[in-house]
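Participant:
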Amino acid sequence: MSSKRLMRGVTGAALLGLSAGAFAAAGPGTVGSRQLAALVVALAYLLFSWSVLATYRRRDAARRAGLVSGGGEGLLLAYASQTGYAESLALRSADALNRAGRAVELRALNELDEATLARHRQALFIASTTGEGDAPDNAARFARELMARVPALGSLQFGVLALGDRSYAHFCGFGRALDRWLRHAGAVPLFDPVEVDNADAGALRHWQQQLSALGGHAEMPDWRAPDYGRWQLLERRLLNPGSQGGPAYHIALRPLEEVPVWQAGDIVELGPRNAAAAVTRCLASLALDGTTPVRLAGRGQTLADALACVHLPQSGPQAPADLQDWLDQLPLLPHREYSIASLPWEGQLDLLVRQMRGADGQLGLGSGWLTAHARVGGEIALRIRSNRSFHPPTDARPLILIGNGTGLAGLRAHLKARAAAGHERNWLLFGERNRAHDAFHHQELATWLERGVLARLDLVFSRDQPTRRYVQDQLREAADMLREWIAQDAAIYVCGSLEGMAAGVHAALIEILGASALEALTDAGRYRRDLY
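When we follow our numbering, the leftmost residue of the sequence shown carries the number 36, and every step to the right adds one.
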């Protein structure tokens, strides 16, 4: 219950109803014992109400401060909310980060000043828009005073969740203005703004993926589960045997239902499953029959199938008294996202997936399912999410593609699209560990270079020389050509790891082009990033 509703619903009834009634019954100049008792009760109730209200306020303040122990450096999470929706998303985001062990300081935008922004290393902003691209009321002072200046925020890394409605002329107007202002102040974007059209569930799931990355890739249940389609796993091929890094696999799938349409830059949302062996162990430990019919997420299925889709219990062996009620308490496995490496006309959907392992040595949820546990020929649950901010240019302008590791997947789809369109001014800069083991799709890249689909190809292998060398170092060495391509209206697309590569490339681009020029490229849609 909110504090305002508490005051109106409890205190008002107690004070106005009981005390006024008591005095009215007593008449002028007299107070009977019953009336006095009623007045005492009313006053006691009023004190109780104020006590409850103070408790709610203390709890709310503690929740909003969100300062939790045992989890890294404090992260600022600020919101601009007109109707309360952005605030509710901020609370859910703070809670998710808290559970991942991150300390979070939650504030309305109007509560911030330059000093607060400057003392944080990382900040997230959830911003709605009101009117014709205006700031909500609880961000109006911030927009009027702070955004009229350009503070020095070079030590701040940030991310923006912008809420809007595409039926309005200034879609996500304030969120976009906030993002531009932060960049202009020297703050470094952790990822491109996540824009939400009318509470779009896919965009919010993408925001959750960014929260998961900031929380050390901790498990975060989906706020709303995707409606998956049915696909078949056609191929699983190891691309880097002998690599110093984790095994990376080429994954190919085909739809078992209607073929969906997607573009270069779009994202797969995978519905992972627990390994069959893990489900079998769980059933055995609880002496349960996996063929028992149950319901999960509204669908009838066997208990074994249902347990494949939920977080398996970690408690000791104890059979549940009510099987369905027990199952309903187990959280669904969250989705995982991967960049698509192919186009629909090829008849299959390709991914490039690296095996990830947790601190306990266990395979990651999504990568473990795709690269180890799922049976080739078996069924995979996934859906495609449009990633509008990483779609290809609509014209033949030059395209500079920069990435590392499995980020090559998204860049590969762009090169396929450019080749199909006959657009040959393409330059790929790609980094990995060793040429001998980690030259993903090297034959395909060599063929594109030979045929002119690639005008230039720079491959950087960080461990092939005594001094580590990364893709951002190659970018600096090619600074003159980069400036030449930008002068010819080129766009820059970056795909790969959020930590390390993305920040390094961003810093190199600022050195080569200047902060204001990079900001202008961002505003024009000529600098786009898909990071994980």
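Glycine included, every Cβ here is placed at the ideal spot set by N, Cα and C.
Nothing here was measured: the structure is a model prediction, and the numbers come from that model.
Note the first and the last residue of the continuous beta strand (DSSP E) segment covering Glu-140.
Facilitator: 139–143
Participant: With a threshold of 8 Å, are at least 3 pairs of Cβ atoms found where one atom belongs to the region 290–301 and the other to the region 410–427?
Facilitator: yes
Participant: Take every Cβ of the region 525–534, pair it with every Cβ of the region 554–566, and state whether three or more of those distances are shorter than 8 Å.
Facilitator: yes
Participant: Could you name the residues of the same chain whose beta carbon sits closer than 7 Å to that of Val-185, not counting the 5 residues immediately before and after it, in chain order?
Facilitator: His-219 and Ala-220
Participant: Per DSSP, Ile-419 is paired with what?
Facilitator: Val-303
Participant: Let's test the definition: count the other Cβ atoms within 10 Å of the Cβ of Ala-96 and tell me whether it reaches 16, buried, or not, exposed.
Facilitator: Since pLDDT at Ala-96 reaches only 46, below the 50 mark, its modelled position is unreliable, and the value read off the structure follows with that caveat. The residue is exposed, with fewer than 16 neighbouring Cβ atoms inside 10 Å.
Participant: Mind checking Gly-306: buried by the 16 CB within 10 Å criterion, or exposed?
Facilitator: buried
Participant: According to DSSP, is Asp-262 part of a helix, a strand, or is it coil?
Facilitator: coil
Participant: Counting Cβ pairs closer than 8 Å, one from the region 282–295 and one from the region 376–394, do we hit at least three?
Facilitator: The answer is yes - the region 376–394 touches the region 282–295, with three or more Cβ pairs under 8 Å.
Participant: So Leu-533 and Phe-226 are supposed to be a Cβ contact under 8 Å. How far apart are they, rounded?
Facilitator: 6 Å
Participant: Tell me whether His-370 is buried or exposed, calling it buried when 16 or more other Cβ atoms sit within 10 Å of its Cβ.
Facilitator: buried
Participant: Check this for me: beta carbons of Leu-110 and Ala-158, under 8 Å apart or not?
Facilitator: yes
Participant: Could you compute how far the alpha carbon of Ala-322 sits from the alpha carbon of Val-495?
Facilitator: 54 Å
Participant: Taking 8 Å as the cut-off, decide whether the C-beta atoms of Leu-387 and Ile-437 are in contact.
Facilitator: no
Participant: Under a Cβ-count criterion, where at least 16 other Cβ atoms within 10 Å of its own Cβ denotes burial, should Ala-373 be classed as buried or exposed?
Facilitator: The residue you asked about is not Ala; residue 373 is Tyr in the sequence shown. Buried, since its Cβ has 16 or more Cβ neighbours within 10 Å.
Participant: Confirm, please, whether the CB-CB distance from Ala-543 to Val-223 is below 8 Å.
Facilitator: Taking 8 Å as the Cβ cut-off, Val-223 and Ala-543 do not qualify as a contacting pair.
Participant: In this structure, what does DSSP give as the bridge partners for Tyr-528?
Facilitator: Leu-436 and Arg-563
Participant: Pull up the distance between the alpha-carbon of Leu-517 and that of Gly-445, whole angstroms please.
Facilitator: 21 Å
Participant: Under a Cβ-count criterion, where at least 16 other Cβ atoms within 10 Å of its own Cβ denotes burial, should Tyr-567 be classed as buried or exposed?
Facilitator: buried
Participant: Closer than 8 Å by C-beta to Ala-456: which residues in its own chain qualify, once you throw out the five before and the five after it? Chain order, please.
Facilitator: Cβ contact annotation for Ala-456 (same chain, cutoff 8 Å, sequence separation greater than five): Ala-431, in chain order.
Participant: Identify whether Ala-374 lies in helix, strand or coil by the three-state DSSP scheme.
Facilitator: The sequence given here has Ser at residue 374, not Ala. The answer is strand: DSSP assigns Ser-374 an E or B state.
Participant: Do His-346 and Leu-365 count as a contact pair if the criterion is CB distance below 8 Å?
Facilitator: Going by C-beta atoms, Leu-365 is nearer than 8 Å to His-346.
Participant: So the candidates are Met-536, Ala-513 and Thr-118; which of them puts its Cα closest to the Cα of Leu-548?
Facilitator: Closest option to Leu-548, Cα to Cα, is Ala-513.
Participant: Of all the options Leu-434, Leu-181 and Ala-153, which has the alpha carbon lying nearest to the alpha carbon of Leu-452?
Facilitator: According to the sequence shown, residue 452 is Ala rather than Leu. The candidate whose alpha carbon is nearest that of Ala-452 is Leu-434.
Participant: What are the residues that DSSP puts in a beta bridge with Ala-283?
Facilitator: Its beta-bridge partners are Arg-389.
Participant: Taking 8 Å as the cut-off, decide whether the C-beta atoms of Thr-406 and Pro-282 are in contact.
Facilitator: yes
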